[in-house]
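Peer 1: Residue numbers (our numbering): 653 to 875.
(1) Spatial neighbours of residue 657 within its chain, please: CB distance less than 8 angstroms, with the 5 preceding and 5 following residues excluded, ordered by chain position.
(2) Looking at the secondary structure, which residues open and close the alpha helix (DSSP H) in which residue 723 lies?
(3) Below 8 angstroms on the Cβ atoms is my guess for residue 678 versus residue 821; work out the distance and round it to an integer in Å.
(4) Provide the residue span of the beta strand (DSSP E) that contains residue 830, from first to last.
(5) Helix, strand or coil for residue 852? Go by DSSP, reduced to three states.
(6) Can you round the beta-carbon distance between residue 720 and residue 819 to whole angstroms, since I take them to be within the 8 angstroms contact cut?
(7) Given this structure, state the Cα-to-Cα distance separating residue 663 from residue 771, to the nearest angstrom.
(8) Taking buried to mean at least 16 other C-beta atoms within 10 Å of its own C-beta, is residue 672 buried or exposed?
(9) Give a yes or no on contact between the stretch 801-813 and the stretch 775-783, applying the rule of three or more CB pairs nearer than 8 angstroms.
(10) Would you check if the distance between the CB atom of residue 773 and the CB atom of residue 793 is smaller than 8 angstroms?
(11) Do you know whose CA, among 713, 690 and 693, lies nearest residue 765's CA?
(12) Can you look up residue 678 in the DSSP assignment and give me helix, strand or coil?
(13) What's the gap between the Cα of residue 724 and the Cα of residue 706?
(14) Counting only the same chain and skipping the five closest in sequence on each side, list residues whose C-beta sits under 8 angstroms from that of residue 869.
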């Protein structure tokens, strides 16, 4: 057991090797801890709450692609019954065998994209976003340097993976807004434009929450 733990810690340490000074600046332990603290202080009811909701989790995968600090998304398969061909983070409903929501997020990322769970450095999670059917827990994790061509997307769930750089997501020219209405009230969510795919809905909301908590000095978008 001690050997396994030591190997895992060594591997996670390697994630930060050979990173640029700029990358290391925003990946410090201090910024990481402050990010999780801020995430836990953000509480949003995305939709009216029902009495009983299932727990679900998404992995918000922070990675470095082509030397760009980025977030990893998927375009959902056209074969799915719900939310087909929409941008999403890998995730799904919590199984009884998962134990905790971090395990759910990692398991789903492994199933959807073939991501080895051993490479995921989990930072922590925020509060659940209350939807119409699920309480969706955002789990933030760092994957290190990533080659999209080496991912193994499950065709029954994913059309293709793509990334948006943090620089792109923080640029106000790439941010719009969508207005939603329900029986009781309305609400406004961000939408991220001009990338491989439009990111909107709950995925955009989670993106906004994570960037607000992690990079408040760079991400200035306010809902």
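A virtual CB, placed ideally from N, CA and C, is assigned to each residue, including glycine.
Peer 2: The structure says:
(1) As a first step, residue 657 is located in the chain shown; it is residue number 5 there, counting from the start. Only weak support is given to the placement of residue 657: the predicted model assigns it a pLDDT of 41, under 50, and the value that follows is read from those uncertain coordinates. Closer than 8 angstroms at Cβ, skipping near neighbours: no residue.
(2) Position 71 of the chain shown, counted from the first residue, corresponds to residue 723. No alpha helix (DSSP H) contains residue 723, which is instead part of the beta strand (DSSP E) from 720-728.
(3) The sequence position of residue 678 within the chain shown is 26, counting from 1. The sequence position of residue 821 within the chain shown is 169, counting from 1. Not confirmed; about 13 angstroms, so no contact.
(4) Looking up residue 830 in the chain shown gives position 178. Its beta strand (DSSP E) spans residues 827-833.
(5) As a first step, residue 852 must be located in the chain shown, where it is residue number 200. Reduced to three states, the DSSP call for residue 852 is coil.
(6) Against the chain shown, residue 720 aligns to sequence position 68. Against the chain shown, residue 819 aligns to sequence position 167. Contact flag correct, Cβ pair sits at about 7 angstroms.
(7) Translated into positions along the chain shown, residue 663 becomes position 11. Translated into positions along the chain shown, residue 771 becomes position 119. Its pLDDT being 46, under 50, residue 663 is placed unreliably by the model, and the measurement read from it follows with that caveat. Cα to Cα, the separation comes out at about 7 angstroms.
(8) Counted from its first residue, the chain shown places residue 672 at position 20. Classification for residue 672: exposed.
(9) no
(10) Working through the chain shown from its first residue, we reach residue 773 at position 121. Working through the chain shown from its first residue, we reach residue 793 at position 141. Cβ atoms of residue 773 and residue 793: closer than 8 angstroms.
(11) For the purposes of this step, residue 765 is taken as residue 113 along the chain shown, with counting starting at 1. Comparing Cα-Cα distances from residue 765 to each of 713, 690 and 693, the minimum goes to 713.
(12) Counting from 1 along the chain shown, the entry for residue 678 is found at position 26. Looking at residue 678 - three-state DSSP - the assignment turns out to be helix.
(13) Numbered from its first residue, the chain shown carries residue 724 at position 72. Numbered from its first residue, the chain shown carries residue 706 at position 54. Near 25 angstroms, if we compare the C-alpha coordinates of residue 706 and residue 724.
(14) Here residue 869 is taken as the residue at index 217 of the chain shown, counted from 1. Result list for residue 869: empty, nothing under 8 angstroms.
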